[in-house]
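Structure first, then comments.
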Amino acid sequence: MSRTRRRQDPRVPAVLLIPAALGVAILVLPMVGLVLRAPWGGLPSILTSDEVLTALRLSLVTATVSTGVALVCGVPVAWLLARTRLPGRSVLRGLVTVPLVLPPVVGGVALLMVFGRRGLVGGWLHDTFGISLPFTTEAVVLAQVFVAMPFLIVAVEGALRTADRRYEDVAATLGATSWTTFRRVTLPGVAPGVLAGAVLCWARALGEFGATVTFAGSFPGTTRTLPLEAYVAINAGDTEVAIVLSLLMIAVSVTILVGLRDRWIGTS
Amino acid sequence: MSRTRRRQDPRVPAVLLIPAALGVAILVLPMVGLVLRAPWGGLPSILTSDEVLTALRLSLVTATVSTGVALVCGVPVAWLLARTRLPGRSVLRGLVTVPLVLPPVVGGVALLMVFGRRGLVGGWLHDTFGISLPFTTEAVVLAQVFVAMPFLIVAVEGALRTADRRYEDVAATLGATSWTTFRRVTLPGVAPGVLAGAVLCWARALGEFGATVTFAGSFPGTTRTLPLEAYVAINAGDTEVAIVLSLLMIAVSVTILVGLRDRWIGTS
Amino acid sequence: MSLDADLALTRGDLALRIGLAVGPGEVVALLGPNGAGKSTTLQLLAGTLVPDGGRVELDGVTLDDAAAGVHVRPRERRVGMVVQDYLLFPRMSVLENVAFGLRSRGLPRDRARAEARGWLARMGLEGYERRRPAELSGGQAQRVALARALIVEPRLLLLDEPLAALDAGTRPVVRAELRRHLAGYGGCTLVVTHDPLEAMVLGDRVVVLERGRVVQQGPPAEVARRPRTDYVARLVGLNLLTGTASGRTAELPTGAVVALAHDATGPVHIAFPPVAVTLSLRRPEGSARNAWPLVIADLEAHGDLVRVTADGAVPVLADVTPLAVADLGLEPGGQVWASVKASEISVYPA
Amino acid sequence: MSLDADLALTRGDLALRIGLAVGPGEVVALLGPNGAGKSTTLQLLAGTLVPDGGRVELDGVTLDDAAAGVHVRPRERRVGMVVQDYLLFPRMSVLENVAFGLRSRGLPRDRARAEARGWLARMGLEGYERRRPAELSGGQAQRVALARALIVEPRLLLLDEPLAALDAGTRPVVRAELRRHLAGYGGCTLVVTHDPLEAMVLGDRVVVLERGRVVQQGPPAEVARRPRTDYVARLVGLNLLTGTASGRTAELPTGAVVALAHDATGPVHIAFPPVAVTLSLRRPEGSARNAWPLVIADLEAHGDLVRVTADGAVPVLADVTPLAVADLGLEPGGQVWASVKASEISVYPA
Amino acid sequence: GDDGDDAAAPSGVASGPGDDAPGGTVTVLAAASLTESFETLADQLGDDHPDLEIVYSFGPSSGLVEQLLAGAPADVLATADTTTMDDAVAGGVVDSAPEIFARNTLALAVPAGNPAGVTGLADLANPDLRIAICEPQVPCGSSAQRLLDAAGVTAAPDTLTTDVKEAASLVALGEADAALIYLTDAAAVGDAVETIDVPEANTVVNEYPVAVLADAPNPEGAQALLDAITGEPGRSILDAAGFLPAQ
Ligand SMILES: Nc1ncnc2c1ncn2[C@@H]1O[C@H](COP(=O)(O)OP(=O)(O)OP(=O)(O)O)[C@@H](O)[C@H]1O
Ligand SMILES: Nc1ncnc2c1ncn2[C@@H]1O[C@H](COP(=O)(O)OP(=O)(O)OP(=O)(O)O)[C@@H](O)[C@H]1O
Ligand SMILES: [Mg+2]
Ligand SMILES: [Mg+2]
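Read top to bottom, the protein sequences are chains R, D, L, P and G. Per this note's numbering, the first sequence starts with residue 1, numbered consecutively. Per this note's numbering, the second sequence starts with residue 1, numbered consecutively. Per this note's numbering, the third sequence starts with residue 1, numbered consecutively. Per this note's numbering, the fourth sequence starts with residue 1, numbered consecutively. Per this note's numbering, the fifth sequence starts with residue 1, numbered consecutively.
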C-alpha cells in the first residue's frame, strides 16, 4: 500500500510552543525529580522482590479488567448522554462526574455503604447469595471502575458530540437498527475518542489508591496493587521504595501506552 | 431564531440500555449511600461554619485557576501531539499521562523535589527571586495542574484526531497563519472535546488531595481545600463531617457542571 | 406502492408547504432553484426531519402525521437516499459501504458482498472495492453513494442530485443504468436535479418547487413547452413573459404590447425561444410584428452561438451567431432592436 | 503572473504525470473523466499534497521542487481554492467564512466584512450573512465557497467544479459573474468542470486529463471540433473513430472501412456528429458512401430527439426523431443500418 | 528575616515587641491522628496567649518530614512515631532533642454490639471472622505484630490496612468483625465501635515525639506551644482523647 504524503509543517506557531513547553515542563519535571531521587543501587532487589511482582501482576490485571468493564458500561452511558433526550439527562451527566470530585477515601466509604456486607446492595447479595465483595479482587475492580469510568464517559461523550450525526441518519435510512448503527457507524467514527478515554481510564485505574484501600482493603496477592504497595512504603517512612514503585508504574504505563497507541493510531 | 427539529428516537437499543444502566448504577449508588448516611440534622451548622466556607472558596478558586492554566498550557500540548511530527512524540504522549498513574502522594513528593526550596527549579527560584512555592496557594494550583492537566490533554488530543483536517488546509490556502488557523478553525471545531476535557480537569482539580497535602500542606485559608478539610475531619473521627463535605463538593460540582454545559452545549 | 405526502415545515426563512403524490413505479423529477426546499423535502420523506404539519403516507401506511404525533423512524421506512454530500461511511471500505444496507436487513455477509460487487461493476467501479471513501474522486464517491442506495430496493427512493459529479462519459452510462433500474422497479422515486435533460430522461413527471411551494408540475414535455415561471423558462431555455391578453395582443405590466398569432384573453404566459429573437440596430421593417428597443446587458458564447441578455420594457434572451455579433458590433451597454415573429410565440393561460 | 508546473505523484493506482503552463490572466478549463486526477492536480498546486517529483513555479517563485526538497506551505502560496465538498467552516457564519481570507491577510474586521457582503450580494446571497453553513442548501453553500475563494484575489485560483450544484437560473448568473471577475484578474486560473459549456464559456484554453496524463489541450473550439479521445468526443457530442487512412478511405482496427471526403494518410481520427447519422432498416442506396450494419444497444430520449447507441464494427451514436424511432420500430437488440455522408465526416491526424 | 519566608510561609513573622508573652504565628506540622487534640489545645491556648496564633498543617507523618526536608517554613513538628522524627533529625531540620509527649496503645475494636462475639486476641486467629490489622511495615502494624507475638496469636487478617483510620472505618461500618486499632482512634470513632479489654495491650506502646525546628521563624512561640503540649493543658486534653501520658 502506498501512503499519501501529507504536508509537513515544520514551523509551529510560537504562541503555542511557549505554553506547550510550560505544560510539558510542569508534567515532566517532577518525574525528573523522582528519577534523580531514586535509589538506583537498591533498584534491582526492590523490583524483583516477590511482593512487588505480585502487586504488579495484580495491578495490570485489575486495571485491564476495569477498563474492559468501563468500556462495556461507559460507552453506552456516553451514548445515552450524547444522543438521546432522557429527562434529567444533564443532571445524570453531572452525577457521572461525581467520582472525580469525591476524595477517593470518601469514595471507598461510599462503596462500602452500598456494596459492603451491611450495605444497600451488598447486604442483599450477602444474605441471598452469600457473596461478599469487600476484600476481594472483584472489589478492587469495582473501586477502579467507580473511579476511572467517568473519564471514559466524558471523553467518549465529547467525541460523540464532535462526530457528524448525519452518518447515523444515513445508516438508519439504509435499514440499520439503532444497534447496528451504533456498532458499525457511530462507534468507528469516535474510535479515537474511545481510545483516548480508555487510555485515561486504564491509567487512572492503574494509579487508583484511595477507594481501593478503603473498599477492597490491602492484602498481598488479592487486593494489594502497586499504588497500595507504594503507600505502605510511604507510611513506613520508606519514601525511596515508594519512588521506585512509582517509577515502575510509570515505566509500565508509558511502555504500554506508547506501544498501544502507536499500533492503534499509527506512528510516523 | 427557529430551531430545526431533529428526529427524536424514543426506542433505545436494549443492548445498550442494560450496560448503561449498570454503569450508571455503579457510579450513582455509592452517592445514594452517602446521602443516606449524611447527618441531615447537623448539616446547616457544618455547612455554614467559617472553616468550611473558607475551604469551599479556596477550592473553587484554585480549581478554576488550575483549569485555566491547564487550558492555556494543555491545549497546545494536545495540538503538538495530534498535529505535528516532533521526534519522540509518542514518548511525550506517554509521559504526559504519567500523573494519572502516579499515586498522588508520590506526585506531591516529586513536586517537592523539583519546586521545593531545595529542589531543582524551586532552589533557583528561591535564590534568584526569593520566591518559594510550597505551602502557598500557588502550590495548590501547581499540584492541581500537575494532576488534572493530563485529562485535558488526552481529551483534547482525542478530539483533534477525530476532527477533519481538511478545514485547516482550506484555512491555510486562504492565507491564515497557523496561529489563526488554530484559533479560528481548529479550536472551534474541537470545542466539545475541549469542554469535556476542561470539565474532567476542573472536577479532578476540585477533588485533588494527595499531591496537595504533600506539596502544599494543609493550612487553613491558604492551602486547605475541601478535600483536605474532609481528611482532617476523618482524622478527627468525624466521618459524618467528611461525608457532608463530600456531598458539598458533589453538589457544587454537579450544579456548576450542569449549568455550564447547558449554557455551552445548549439543552435539548 | 405509492406515496402521498402533504408536508409543512418552517426552517429558517423557508416555509415549506407542498403536496406530492407519486404512483407505483413512477419517477418524479424534482426541480427548483437553490434553496427552494428540494433537499428539505427529501429529508422529510426520509424521516430525518420531522414535519411541523401534514402527513406522509407510503403504500397506505402513515409515516408521518403531525396532528396525531405519528413519526415513523427512518430505519423503519425502507427509504433509500443519496444525499448531496454523499456521506459515505468513512471507516468502511467501498464494498462495505454498498453492502451495508443488505447486511442491515439481515443478509449473510457473503451474499451481501456479492451483490454489492455487482452494483459496483454496474457503476463502473470494479477494482475499487477495498478503497476507503477518502481515497475516491468526487464522481467515484457519488457512484458509490448511488449504489449504496439502490441496492436495498427501498419502497421509496430519494436521490438528491445523484449524477451531479459524474463526468460526461460516465453520466449517460450511469443515467442509463439508473433508468433501467427504475423502469423495472415498483417503488416510488424522487430525483432532485438541476439538469433539465436529466429530468426529462429520468422523470415520468416533473415537479417544480420554488420557495417551498410547488409552482408547476406535469409531464416533462408539457413543462418544457409551457413554463409558468422564470426559473422553468430559463431551465428549458425559453423567454417567458407574463401579461394580460385581449384578442391578438397582450399587455405587459411594463406597458409594452406583444402581438400574438391567436386570440387570447385574460392573464397569460408568453413564451418564445432565444433563437427566435432577431437583433438589429434599427427598427426592423419585416414581417415580425413584435419589435422592442433594448439595451444589451451581457454577451456569453455557448456552443456555436452567443447568448445576448438584453434589458428594456420586454427583457429578452437572444441567441445569435458570432458573425451577427461582429456585424452588429454588439457589446454590453449598446442599443439594439429585438424582434420576434408572432408565430414563434406560444401563449397559454397564466 | 504565470504558472509553470510539472507534477508527478503516485496515489493509489493513479500515476499522475502532467505538465501544465498557465499564462498571466489565463483561464484553463481542466476536463477529464472521474478519477482522472483533476482534484489531485489542484491539491498539488494548492500545496495540500506534496508531489513525488517535478516542480511548480508560480510567477518565477519555486513552490515545489521535489529534487531540491522545496515545498512552500499552502498559506504562503496565496492560492485560492474551491473544493468539491466546499468545506465551509462549520462554526462561522456565512459572512465570517467569506471574510476569513481578508481577515487572515490582516484587513480590519469592518472592511473585510463590507467586502464579503459585496461578494455575497454578487452571488445572490443577500440576507444569508448570518446563517451557519449547515443552514444552507447545497447550491447556496457552493456559492459561499466560491465567494470565499475569489475575495482574496489569489495569485492562483483553483476551482473544483465550482458551479456543479447551482440551479439552472443561478448558474448563468454566477458563471457570468465569475467570467467578469476572471476577465479583470491578472492571476492564473484553473477550473475543473464536467460541463462542456462551462469549459467553453470560462476557459481560454482547455486541458483534458485522463488517467493522470494530459491527452489533449488547446482552444475550446479546436478541442470541440477535433476530439482526440472517446471521452472528449462524448463530451462534445461527437462520434469518434480511430483508423489508418490511405487516400479517400480509412480502415478501422475492426477491419471496417470508412469513406472520406478528402485525401488523408497515416493514423487519423474520424469524427462526425450523431445528427449526421441516418438509420434505416435496409442497406441504404442513397449518396451516403458509408453504411454499416449495427445492433441497437440503447435508446434514450433527450430534448426533442432520441439518442440511439448502436454497436458493431463501427460503433456509433445517432440522434433521430421520435417519429423515426416509431416508424423504424427501433428497440434494443434490433438490427439497423447506419449511414453517414462522407462530407459530414471530419478527419485529422491522430 | 528572610523575604522568602515572608512570601511563602503562612507563619508570618514574630510580632513580639519585647513582650514577655510570646506572640506571632506558630506553624505546626502535626500527624493527622493529633488533629482533634491539637485543635482543642489551640483554642485553650488562645485564652492564655491572645497574641499567639497557631496554624496547623495536619498530614501523614512521613509526608510532613518530606515537606520539612524540602524547606517548609514551620516552627514545630509532632509525629506519630519516633522513626519519622528520627528521619527529621537525620535530615538536619530538627537539631534539638525531640520530646515524647504522648503514648498510644492498641485496642481490640469490634462493631457496636459485637455481632461476631469476639472475646479476645485469640479470636483474631479465626479465619471465619473478618479481621483488619495494620500492615506490619507501618507503625501501628509493627505494634500490632508485637502485641500478637506477646499474646502468642497468629492472626488471620483479611486486610492489612496501611492506615489505622481505614481499620477504624471498617469496624465502624461493620465490614470488619474485629480490628487492632489505637485506643485514640477507637475513642474518636465514638459509638459505632466497642473495645474489648486486652490484658497484654499495655506491653506495646507507640510514642509521639514533638520538637522545635532548627529554622523555626518564631522560636519563642514554638517553645511556648511545646511547653503547653508537654505540660498542662496538653496533658489533660490528650488524656481525654485516649492518649497515655509520656513516661
Ligand atoms: N438547518 C437549517 N436552518 C435554517 N434554514 C435552513 C436549514 N437548512 C436549510 N435551510 C434553508 O432552507 C432552504 C431550503 O434548503 P434546501 O437544502 O432544501 O434547498 P434545495 O432546494 O435542496 O437547494 P439546492 O438546489 O441548493 O440543493 C434554503 O434557503 C436553506 O438556506
Ligand atoms: N487518498 C487517496 N489514496 C489513494 N487513491 C486516491 C486517493 N485520493 C484519490 N485517489 C484516487 O486518485 C484518482 C484521482 O482522484 P481525483 O480526486 O484527482 O479525481 P478527479 O479527476 O478529481 O475526479 P472527479 O471528477 O470524480 O472529481 C482516483 O482514481 C481516486 O480514486
Ligand atoms: Mg439540495
Ligand atoms: Mg474531483
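Note that beta-carbon positions come from the ideal geometry of N, C-alpha and C, so glycine has one too.
Taking C-beta atoms under 8 Å as the contact rule, Ala36 (chain P) and Gly247 (chain P) fail to qualify, at a distance of about 36 Å. When the alpha-carbon of Val241 (chain R) is set against those of G:Ser62, G:Asp48, G:Glu53, G:Asp43, the nearest one is in G:Ser62.
Assigned with DSSP and collapsed to three states, Ala25 (chain R) falls in helix. Of all residues in the region 69-93 of chain L, only Gln84, Asp85 come within less than 7 Å of chain P when Cβ atoms are compared, listed by chain position. Using beta-carbon distances, Gly123 (chain R) does not count as an interface residue toward chain L, since no partner is under 8 Å. A distance of 8 Å or more separates the beta carbons of Arg155 (chain P) and Arg55 (chain P). Per DSSP, reduced to three states, the secondary structure at Asp319 (chain L) is strand.
For Ser346 (chain P), the enclosing beta strand (DSSP E) stretches over residues 346-349. In the DSSP assignment, His181 (chain L) is bridged to no other residue.
For the pair Val208 (chain L) and Leu31 (chain L), the CB atoms are nearer than the 8 Å cut-off.
Taking CB atoms only, Thr186 (chain R) has no neighbour in chain G less than 8 Å away. Contact between Arg131 (chain P) and Val94 (chain P) holds: their C-beta atoms lie close to 5 Å from each other, under 8 Å.
Proximity of chain R to Ala203 (chain D) at the Cβ level (cut-off 7 Å) is accounted for by Thr97, Leu100, Val101, in chain order.
In the structure shown, the three-state DSSP call for Gly221 (chain G) is helix. Distances from the alpha-carbon of Ser59 (chain R) to those of R:Glu168, R:Leu160, R:Ala230 put R:Ala230 closest. At a cut-off of 7 Å, the beta-carbon of Arg11 (chain L) counts as near ligand 1: some heavy atom of the ligand is closer than that.
Nearest neighbour of Ile270 (chain L) by Cα position, chosen from L:Thr10, L:Leu240, L:Arg283, turns out to be L:Leu240. Close partners of Thr48 (chain L) in chain R (Cβ separation under 9 Å): Arg166, Asp169, Val170, Ala172, Thr173. Look at His269 (chain P) here: in three-state DSSP terms it is strand.
Look at Trp179 (chain R): its C-beta is under 8 Å from a C-beta on chain D. With contacts defined as CB atoms closer than 8 Å, Leu52 (chain G) and Gly116 (chain R) fail to qualify as a contacting pair. If you look at Phe243 (chain G), you'll find it isn't in any beta strand (DSSP E); DSSP assigns it neither H nor E. Selection L:Val173, L:Ala15, L:Ile18, L:Leu299 evaluated against Ala121 (chain L) yields L:Val173 as nearest (Cα-Cα). For Gln144 (chain R), the CB stays at least 7 Å from every heavy atom of ligand 1. Separation of the CB atoms of Val27 (chain L) and Val191 (chain L) is rounded to 6 Å, and the pair is thereby assigned contact status at 8 Å. Trp40 (chain R): not part of any alpha helix (DSSP H); DSSP gives it neither H nor E. Contacts between Gln137 (chain G) and chain R, judged by CB atoms closer than 8 Å, involve Val232, Ala233, Asn235, Ala236, Asp238 in chain order. Close to chain R, meaning a Cβ-Cβ distance shorter than 9 Å, are the following residues of the region 51-69 of chain G: Pro60, Ser61, Ser62, Gly63, Val65, Glu66.
Within the same chain, and ignoring the five residues on either side of Asp160 (chain P) in sequence, the residues whose Cβ sits closer than 8 Å to its Cβ are Lys38, Ser39, Leu42, Met81, Val82, Val83, Gln84, Val192. A heavy atom of ligand 1 is found nearer than 7 Å to the CB of Ala36 (chain L). The three-state reading of DSSP puts Gly19 (chain P) in strand, counting E and B together. The beta carbon of Leu34 (chain G) sits no closer than 8 Å to any beta carbon of chain R. When C-alpha distances from Asp215 (chain G) are compared across G:Thr35, G:Ser33, G:Val76, the shortest belongs to G:Val76.
One thing to note: Val193 (chain G) has its Cβ within 8 Å of the Cβ of Pro111 (chain G). DSSP, reduced to helix, strand and coil, places Ile18 (chain D) within a helical segment of the structure shown.
Under the three-state reduction of DSSP output, His126 (chain R) falls in the helix class.
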